[in-house]
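In UniProt numbering, the protein residues as written are 1 to 359. The structure under discussion appears below in the form of structure tokens.
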Amino acid sequence: MIADDVQDLLEALAASVGRGMSVDDLEGRVVAHSAHHGEVDQVRAHAILSRSVPAAVGAWQEKHGVASTREPVRVPENPSLGMAARLCVPLLHQGRRVGYLWIIEGPGPLNPQEQGRAVRDAAAIAALLDDGGSSHTLSLLLTGEIGVRRAAGVLGEGPLRVLALRGDPALLREAVGAELARTRRPPAFTILDRHAVLLLNRGEDVTALGERLAARTRTGAGVSAPHPGLESAVRAHEEALTAARAAAAEPALRPVAHWPDLGVYRLLAEPVAGTPGTPGTFGGPLDALREHPALLVTLETYLDSGGDAQETARLLHLHRTSLYYRLTRIEQLADRNLKNGTHRLELHLALKLGRWNAV
Numbered sequence: 001m002i003a004d005d006v007q008d009l010l011e012a013l014a015a016s017v018g019r020g021m022s023v024d025d026l027e028g029r030v031v032a033h034s035a036h037h038g039e040v041d042q043v044r045a046h047a048i049l050s051r052s053v054p055a056a057v058g059a060w061q062e063k064h065g066v067a068s069t070r071e072p073v074r075v076p077e078n079p080s081l082g083m084a085a086r087l088c089v090p091l092l093h094q095g096r097r098v099g100y101l102w103i104i105e106g107p108g109p110l111n112p113q114e115q116g117r118a119v120r121d122a123a124a125i126a127a128l129l130d131d132g133g134s135s136h137t138l139s140l141l142l143t144g145e146i147g148v149r150r151a152a153g154v155l156g157e158g159p160l161r162v163l164a165l166r167g168d169p170a171l172l173r174e175a176v177g178a179e180l181a182r183t184r185r186p187p188a189f190t191i192l193d194r195h196a197v198l199l200l201n202r203g204e205d206v207t208a209l210g211e212r213l214a215a216r217t218r219t220g221a222g223v224s225a226p227h228p229g230l231e232s233a234v235r236a237h238e239e240a241l242t243a244a245r246a247a248a249a250e251p252a253l254r255p256v257a258h259w260p261d262l263g264v265y266r267l268l269a270e271p272v273a274g275t276p277g278t279p280g281t282f283g284g285p286l287d288a289l290r291e292h293p294a295l296l297v298t299l300e301t302y303l304d305s306g307g308d309a310q311e312t313a314r315l316l317h318l319h320r321t322s323l324y325y326r327l328t329r330i331e332q333l334a335d336r337n338l339k340n341g342t343h344r345l346e347l348h349l350a351l352k353l354g355r356w357n358a359v
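See the structure below:
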């Protein structure tokens with residue numbers, strides 16, 4: 001197990017340098033700690049018992065650059081906190097921050113050889129932790145449990161898109177995991193609320209990846225618009241979820257639906273303030289057509305074709321006379337005029353809402 005491997009590495013390093021040490025995640029929670037070697041201060045004892053770091057200690061550590069450093073950094077003692085001097089080695093893997101290795105230095109620092117080994121072992125620990133580190137951090141960011149500053153060290157910065165797929169969580173995890181195993185530097189990936197969610201910020205070919213994942217999962221994928229950075233990751237996530245839902249509702253949008261191209265489904269996902277009634281109800285303009293599936297298909301095809309009767313007849317393999325009869329019947333049953341733009345929009349929205357609410 002990963003946890004056992006981390007513990008073994010930590011114990012071997014602690015025994016080698018004769019110092020007590022621990023591994024914390026990005027939220028300050030203790031992931032692993034060594035047996036006691038050398039000095040045991042009040043902060044270490046508290047961390048081992050509670051598996052967390054007090055806020056005042058975290059603030060002292062951050063004051064000395066711990067949150068942003070990419071090299072080992074020394075944090076001086078703080079008697080008022082009961083804290084001895086420490087060496088912090090950031091745990092970095094493939095450019096992502098996944099946690100921190102803390103070494104109590106007490107009366108004197110590690111020598112260069114000891115520090116060199118600590119850095120090498122920290123890299124191995126980071127590689128073990130990274131299997132779950134980026135996933136955990138992405139989940140915390142998208143649910144608002146951590147801020148952008150903490151997440152950036154793990155997830156990276158710069159332009160991004162979010163890709164989402166709907167389905168059974170176990171099947172999604174297996175399918176997405178198999179696809180990402182082929183990638184040298186796989187994107188951050190997590191499962192949230194029956195969706196596989198991927199953060200894409202390394203220049204990935206979003207459409208190609210979405211198509212491969214859609215083929216593996218046999219569902220549609222949704223992709224957000226481009227966003228400038230993690231500050232808008234939550235918004236990008238919402239867009240990707242909407243696009244994935246639209247792909248499930250509308251076969252024409254599969255295999256990969258992009259937020260900017262959702263058309264009416266984008267409008268449905270952003271309700272207009274002051275719209276009366278419940279979303280999905282439009283005064284029942286299609287109620288009279290429910291028992292006439294052929295008329296519903298005719299109406300949707302006609303509206304999707306921009307009111308082009310010739311194209312609609314071609315798509316439905318109908319004679320023009322038969323089409324016009326159907327359109328007249330639709331107008332009679334729905335009590336709407338297909339030459340009226342407002343009526344056409346109302347009917348079109350009602351049809352798309354029917355698809356939207358069916359998934």
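Ideal Cβ placement from N, Cα and C applies to all residues, glycine included. No experiment lies behind these values; they were computed from the predicted model shown.
Nearest-angstrom Cα separation, counted from residue 253 out to residue 353
Between the alpha carbons of residue 353 and residue 253 lies a distance of about 15 Å.
Might you give, ordered along the chain, the residues of its own chain that have their beta carbon closer than 6 Å to the beta carbon of residue 127, omitting 5 neighbours on each side?
Only residues of its own chain outside the window of five on either side were considered, and among them 93 have a CB closer than 6 Å to the CB of residue 127, listed in chain order.
Going by DSSP, name the residue or residues bridged to residue 100.
Checking the DSSP bridge columns, you'll see residue 100 partnered with 24, 90.
Rounded to whole angstroms, what's the CA-CA distance from residue 109 to residue 42? Just pull it up for me.
Their Cα atoms are separated by approximately 19 Å.
Where does residue 143 fall in DSSP's three states?
Coil.
Just grab the DSSP bridge partners of residue 111 for me.
According to DSSP, which records beta bridges pairwise, residue 111 is partnered with nothing at all.
Per-residue DSSP class, three states only, for residue 218
If DSSP states are grouped into helix, strand and coil, residue 218 belongs with coil.
Report the rounded CA-to-CA distance for residue 208 versus residue 256, giving the unit in angstroms.
Each residue's alpha carbon lies about 9 Å from the other.
Alpha carbon to alpha carbon, how far is residue 291 from residue 312?
Rounded to the nearest angstrom, the two C-alpha atoms are 21 Å apart.
Contact the stretch 14-26 vs the stretch 98-105: 3+ CB pairs below 8 Å
Here the stretch 14-26 lies against the stretch 98-105, with 3 or more beta-carbon pairs under 8 Å apart.
Spell out the partners DSSP gives residue 78 in its beta bridges.
Within the DSSP secondary-structure output, residue 78 pairs in a beta bridge with 83.
Any contact between the stretch 10-21 and the stretch 54-63? By contact I mean 3 or more CB pairs, one from each, below 8 Å.
The stretch 10-21 makes no contact with the stretch 54-63; the number of CB pairs closer than 8 Å stays below 3.
Counting Cβ pairs, one atom from each stretch, are 3 or more of them under 8 Å apart for the stretch 197-207 and the stretch 153-166?
A contact between stretches requires three or more CB pairs, one per stretch, nearer than 8 Å, and the stretch 197-207 meets this requirement with the stretch 153-166.
Is the beta carbon of residue 225 less than 8 Å from the beta carbon of residue 210?
Not closer than 8 Å, so no.
With distance defined between alpha-carbon atoms, name the residue in 187, 168, 300, 182 nearest to residue 344.
Considering only 187, 168, 300, 182, the residue with the shortest C-alpha distance to residue 344 is 300.
Whole-angstrom distance between residue 139 and residue 190, CA atom to CA atom
For residue 190 and residue 139, the distance between alpha carbons rounds to 6 Å.
Could you tell me the alpha carbon to alpha carbon distance between residue 331 and residue 338, rounded to whole angstroms?
Cα-Cα distance, rounded: 7 Å.
Output yes or no for whether 8 Å exceeds the beta carbon distance between residue 242 and residue 167.
No, the Cβ-Cβ distance between residue 242 and residue 167 is not below 8 Å.
Between the Cα of residue 97 and those of 113, 112, 123, spot the shortest distance and give me the residue it belongs to.
Per the Cα distances, 123.
Mind checking who residue 164 pairs with in its DSSP beta bridge?
The partner list for residue 164 (beta bridge, DSSP) reads 197, 222.
If distances are taken between C-alpha atoms only, which option among 287, 289, 239 comes closest to residue 265?
Between residue 265 and the set 287, 289, 239, the nearest pair of CA atoms involves 239.
Residue 88 versus 346, 73, 134, 152, residue with shortest Cα-Cα distance
Relative to the Cα of residue 88, the nearest Cα in the group 346, 73, 134, 152 belongs to 73.
Out of curiosity, what's the CA-to-CA distance linking residue 358 and residue 248?
Taking the straight line from one Cα to the other gives about 9 Å.
Considering only the beta carbon of each residue, do residue 77 and residue 67 sit closer than 8 Å?
Taking 8 Å as the Cβ cut-off, residue 77 and residue 67 do not qualify as a contacting pair.
Please go through the UniProt domain "PucR C-terminal helix-turn-helix" (295-353) and give each complete alpha helix (DSSP H) segment of 4 or more residues, from N-terminal end onward.
If we require 4 residues or more, the alpha helix (DSSP H) runs fully inside the UniProt domain "PucR C-terminal helix-turn-helix" (295-353) come out as 309-316, 320-334.
Classify residue 325 as buried or exposed, calling it buried when 16 or more other Cβ atoms lie within 10 Å of its own Cβ.
Counting every other CB atom within 10 Å of its CB across the protein chains shown gives residue 325 a total below 16, marking it as exposed.
Going by the beta-carbon positions, is the gap between residue 62 and residue 34 smaller than 8 Å?
Taking 8 Å as the Cβ cut-off, residue 62 and residue 34 do not qualify as a contacting pair.
Taking the alpha-carbon positions, what's the residue 149 to residue 29 distance?
The C-alpha of residue 149 lies about 17 Å from the C-alpha of residue 29.
Cβ-Cβ distance between residue 258 and residue 303 below 8 Å:
Result no, Cβ atoms of residue 258 and residue 303 do not sit closer than 8 Å.
Quick check: the Cα distance between residue 205 and residue 327, rounded to an integer number of angstroms?
Cα-Cα distance, rounded: 43 Å.
Within 10 angstroms of the Cβ of residue 134, are there 16 or more other Cβ atoms? Answer buried if so, exposed if not.
Residue 134 is buried by the Cβ-count criterion.
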